[in-house]
Amino acid sequence: MREIWCRKRSNSSESIRRLDMRPFPFALTVLRLAPFLWAHGRYLQIERDYMPSTNSGGFSLTEVMVSVVVLSLATLGITSVWKLADDKALAARLDERATRILAEYSELQSFAPEYLLGQASSSSRMDFETRGLPLSPGETRTGFMYHPRHVDPTGGKGGTLTFDDAIPYQLTLVMDGQVQLITLTYQLPYQPDPKVTVIKQIRLNLRQ
Amino acid sequence: MKNSFSRREAGLTLVELLAAIVSIALVLGAATGLAMTAIARQKVEFDAARLETQHAELANAIFNAIKTSDSFQIFDSSHSAETSSLSSYRTGVPSGDYLSCRHKFTGGGGPGGLVEEDFEFVPGSADGLGTLIQTIHFPSTGQQQIRREFSAVLAAGPLFSMKDGIPQAHWSISTTLDRADFNVYAMPLSMR
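These protein sequence lines are chains S and X, in that order. Heads up, the first sequence is in the numbering used here, so the first residue is 391 and it goes up one at a time. Heads up, the second sequence is in the numbering used here, so the first residue is 104 and it goes up one at a time.
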């Protein structure tokens with residue numbers, strides 16, 4: 391405690407003094423005991439309310455640093471939530487696209503003209519090469535689920551309608567007893583290794 | 104004297120006040136920037152998802168229109184389609200940008216009616232993006248037609264075709280994030 395404020399009252403006057411207490415570390419205790427030790431001491435009153443806080447000058451460096459760290463962590467938390475939201479939105483869109491692809495092949499496998507059956511080879515080919523042809527048993531087709539807008543790494547502005555290919559998928563047909571089992575698999579891109587593989591399947595009756 | 108003393112201790116200096124105002128402005132500015140960025144990102148995601156959902160509905164509409172049609176025809180353009188009569192289509196083409204599907208129905212022992220569902224791709228001019236227009240006509244009842252437009256369509260060739268004997272439609276859309284492909288295959292129930 392560096393200083394205190396003392397109020398001294400008498401019948402005719404009242405005064406307030408600021409006392410520098412730094413040279414007298416035990417002076418406050420003596421002043422508190424003054425009313426009991428000295429007859430006039432009862433007129434001496436320590437005005438604690440007026441005692442200025444030594445901490446009132448602002449925040450310490452530690453407090454400022456801690457608050458900066460806390461605010462930084464909060465900002466990082468908010469931006470990580472954005473990324474999580476983006477990833478979940480992408481996962482939902484990929485799931486819908488996978489469902490659409492399976493629906494397309496459901497129609498082809500069930501209702502494509504007979505003469506188209508077996509035209510696709512059993513080797514793995516890109517989806518666009520065999521577009522519109524039903525799958526042959528054991529055949530695997532590949533394609534891409536996601537076509538993000540192309541970003542020129544040099545910063546140049548290319549065509550605005552240029553897209554990349556990302557998130558490959560595989561489509562296979564397996565005859566499982568009396569049903570055709572079509573399986574579509576792809577991996578979610580944002581998951582840490584090992585990446586989560588999404589598998590969607592539909593079972594179709596054999597063609598009559 | 105006490106009051107004047109209290110006022111002096113309770114108040115803030117001009118420098119403190121200015122520092123507080125600047126600090127608050129900085130914090131509010133940072134928070135506003137963060138919120139604006141979040142809203143902009145959310146809008147990009149939302150617009151992409153909404154456009155893809157709309158076109159998924161359109162793909163379903165095309166699938167159902169072909170699947171349940173009593174007759175359908177592909178034309179080069181709406182001009183070719185308009186020359187068809189109500190009783191039968193004029194000769195179409197193997198692939199084109201106009202698809203018309205007709206559904207006949209009977210009800211209450213009356214003469215029956217006709218519903219025509221048409222889909223037309225209108226190429227864009229500047230940005231290379233076209234529009235797919237769905238129109239539902241009610242020629243037998245004279246009811247007002249229903250028209251919906253679906254934008255941001257990328258088409259490498261004719262949208263509708265009869266390749267390999269299967270009625271099909273292929274198009275892509277350019278969203279704010281990516282390209283989404285749509286492929287519709289539908290064998291009409293009447294053709295099985």
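Even glycine gets a Cβ: it sits at the ideal position worked out from N, Cα and C. Since we're looking at a predicted model, the values are computed, not measured.
Using a Cβ-Cβ cut-off of 7 Å, GLN271(X) is close to GLY522 of chain S, given in chain order. Sequence-distant Cβ neighbours of ARG597(S) in its own chain, meaning closer than 6 Å and more than five residues away, do not exist here. CA-CA distance, PRO261(X) to GLY467(S), rounds to 48 Å. Against chain X, the CB of LEU474(S) has no partner CB under 8 Å away; the residue lies outside that interface. Straight-line measurement puts the Cα of ILE165(X) at about 27 Å from the Cα of PRO558(S). Restricting attention to ALA429(S), HIS540(S) and LEU563(S), the CA atom closest to the CA of THR532(S) is found in LEU563(S). Taking CB atoms only, GLU486(S) has a neighbour in chain X less than 8 Å away. Against chain X, the CB of TYR536(S) has a partner CB under 8 Å away; the residue lies at that interface.
In this structure, ALA168(X) and GLU220(X) form a Cβ contact; the two beta carbons are roughly 4 Å apart against a cut-off of 8 Å. At the C-beta level, ILE572(S) and LEU506(S) stay beyond 8 Å of one another.
Taking the beta carbon of LEU551(S) as reference, the chain X residues within 9 Å of it are ASP230, GLY231, LEU232, LEU257, SER277 and ARG282, listed in sequence order. Of the other Cβ atoms in all chains shown, 16 or more fall within 10 Å of the Cβ of GLY195(X); this residue is therefore buried. Secondary structure at PHE426(S): helix, using DSSP grouped into helix, strand and coil. Per DSSP, reduced to three states, the secondary structure at THR465(S) is helical. Within the stretch 121-192 of chain X, complete beta strand (DSSP E) segments of at least 3 residues are found at 174-178, given in chain order. Residue environment for HIS273(X): buried (at least 16 other C-beta atoms within 10 angstroms of its C-beta). When Cβ-Cβ separations below 8 Å define contact, ALA481(S) makes no contact with chain X. Among the residues of the stretch 134-157 of chain X, those with a Cβ less than 7 Å away from any Cβ of chain S are LEU137, ALA141, ARG144, GLU148, ALA152 and GLU155, in the order of the chain. For GLY268(X), the neighbours in chain S by C-beta distance under 7 Å run, in chain order, PRO503. Between MET565(S) and PRO503(S), the C-beta spacing is not below 8 Å.
DSSP places ARG597(S) outside both helix and strand once states are collapsed to three, so it counts as coil.
Take ALA141(X), set aside five residues on each side of it, and no residue of its chain has a beta-carbon closer than 6 Å to its own. Only those residues of the stretch 451-462 of chain S whose C-beta falls short of 8 Å from the nearest C-beta of chain X would be listed, and there are none.
For THR209(X) and PRO242(X), the gap between their C-alpha atoms comes out near 14 Å.
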